[in-house]
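Asks: Residue numbers (the working numbering), protein chains in the order written: chain A, 1383 to 1547; chain B, 292 to 632. Virtual Cβ for every residue (Gly too), placed ideally from N, Cα, C. Small disclaimer: the values here were computed from a predicted structure and weren't measured. Once you've had a glance at the structure underneath, I'll fire off some questions.
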């Protein structure tokens, strides 16, 4: 079976654990529980008739004084970069993380998840920011860990891209 | 304290025993440059649910190490949450002296759970702060919200004198529209036009002083900005007219009524301060030019921006305006500068 390691990265509170839980267990909890270190989950998906075992590394949120150790990313095939659509500062942090990863480990294929798309009234990512992300050439998904919107589609998109690359 | 003395052996032994007991270490020696188990020791049963056989691959029992072995250079995976909810620090290193590769597992559950409590509180506070900033930002703009959050937003309760620019904008023909349409439709239309008016003001570092029915009073220059206050107000006014025009086009396509706005801008001395009692306070700007801006707005036609002389003089790059002569209520005859989109 094909194995792929995917790291889920982003600032604290953007919904990394919720997205993973929605994808792996089809569960969502309103309660926010701060992640420590890394939690590794697995899910087997079908990509063009091939079984692919995804190893999902749900890594703690990046903070000013608590950087993500790049050792977690060793052997990673892809990155889900999660941004909270209601907090533009998390977009800046996503770019900082990617820059650091690229400096230390080189380019790793990644996609952007603009999460919390169900919170339309609080949405704060404007069209310019969206365009800027699209201009990087990496896929951008509007997701909601709460409703499940685009969650499976985004994980499958990255899995397919990694298998067919 | 004299730090010259080495740590006595007995202390070292106690420290080592204490930490070994706390960390419950397990170690696995790998056949050099492979992922095969050569030997193992310590409390390895508490880290693995399956039996570890000598000569077998560690990655089949510990699949998250896939892609990381053989050990090319030392690395550490801190706080890995295991299936039994224990947190483990995993250290991988090569001993150059003995040419051996090692994996060391240490139980850090206790310290991680303690840290998590602090982390949880800190993250919740940060999320709450972001949420409050966002809510406040909707009323007073991002800049004011940021300053309020940083504690750098201060107003002198006795009043501070400053040159500011005041902008009034009002929807024309709103009263008859209100009387001839369902309240739900009116509310929807009002929100659409308000969006066109408020966003440009906030984007240009303006402060929304009041929303008066179908109109808005905003002040510029209260907050430090790279541009001058008249420039900010004028840019906001042009943006408002452009947004209203685009909205009207969209409403026209949908077969809905179209409304226009008139804008008045004036610049001058004002006293800024806080009005009200201890329980309910509001920021306000008082000055003669404030009244002038209001009067200019009530004379502005649909699509028109009327500015007083002080505002036009303060503009860095004034466009070509039409000079108009007006008789304003309570002010009398005055000149104003008109720009119609």
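1. In the DSSP assignment, the alpha helix (DSSP H) including residue 303 (chain B) goes from what residue to what residue?
2. Evaluate residue 1397 (chain A) with the Cβ neighbour count: other Cβ atoms within 10 Å of its Cβ, from every protein chain shown; 16 or more gives buried, anything less gives exposed.
3. Determine the extent of the beta strand (DSSP E) in which residue 553 (chain B) is found, giving its start and end residues.
4. Mind checking whether residue 1527 (chain A) and residue 1497 (chain A) have CB atoms under 8 Å apart?
5. Using a Cβ cut-off of 7 Å, pull out every chain B residue sitting near residue 1419 (chain A), in sequence order please.
6. On the DSSP letters alone, give me the boundaries of the alpha helix (DSSP H) that residue 490 (chain B) sits inside.
7. Per the DSSP calculation, residue 367 (chain B) is bridged to which residue(s)?
8. Locate the alpha helix (DSSP H) running through residue 1512 (chain A), then write down its first and last residues.
9. Can you tell me the Cα-Cα spacing of residue 624 (chain B) and residue 422 (chain B), whole angstroms?
10. So if I threshold CB-CB distances at 8 Å, which residues from the segment 492 to 512 of chain B count as touching chain A?
11. Distance, Cα to Cα, residue 390 (chain B) vs residue 325 (chain B)?
12. Got a sec, what are the start and stop residues for the alpha helix (DSSP H) residue 543 (chain B) sits in?
13. DSSP state of residue 409 (chain B), grouped into three classes?
14. Output the boundary residues of the alpha helix (DSSP H) element that contains residue 1480 (chain A).
15. Strictly under 8 Å for the Cβ-Cβ distance: is residue 1390 (chain A) near chain B by that measure?
16. Within the chosen definition, does the segment 413 to 421 of chain B reach the segment 474 to 486 of chain B through at least 3 CB pairs nearer than 8 Å?
17. With a Cβ-Cβ cutoff of 8 Å, do residue 633 (chain B) and residue 399 (chain B) count as a contact?
18. Compute the Euclidean distance between the alpha carbons of residue 436 (chain B) and residue 493 (chain B), then round it to the nearest angstrom.
19. Mind checking the segment 1384 to 1412 of chain A against chain B and listing, in chain order, the residues whose C-beta falls within less than 8 Å of any C-beta there?
20. Going by the beta-carbon positions, is the gap between residue 380 (chain B) and residue 364 (chain B) smaller than 8 Å?
21. Check distances from the C-beta atoms of the segment 1501 to 1522 of chain A to those of chain B and list, in chain order, the residues that come in under 8 Å.
22. Which residues share a DSSP beta bridge with residue 460 (chain B)?
23. Does the beta carbon of residue 398 (chain B) sit closer than 8 Å to a beta carbon anywhere in chain A?
24. Using a Cβ cut-off of 9 Å, pull out every chain A residue sitting near residue 415 (chain B), in sequence order please.
Replies: Once the coordinates are examined:
1. 300 to 314
2. buried
3. 551 to 567
4. yes
5. 369, 370, 371, 372, 378 and 403
6. 474 to 494
7. B:382
8. 1509 to 1517
9. 49 Å
10. none
11. 12 Å
12. 520 to 544
13. helix
14. 1471 to 1487
15. no
16. no
17. Outside the shown range of chain B (292 to 632) lies residue 633 (chain B), about which nothing can therefore be said.
18. 11 Å
19. 1385, 1387, 1394 and 1395
20. no
21. 1504 and 1506
22. B:507 and B:554
23. no
24. 1395, 1414 and 1416
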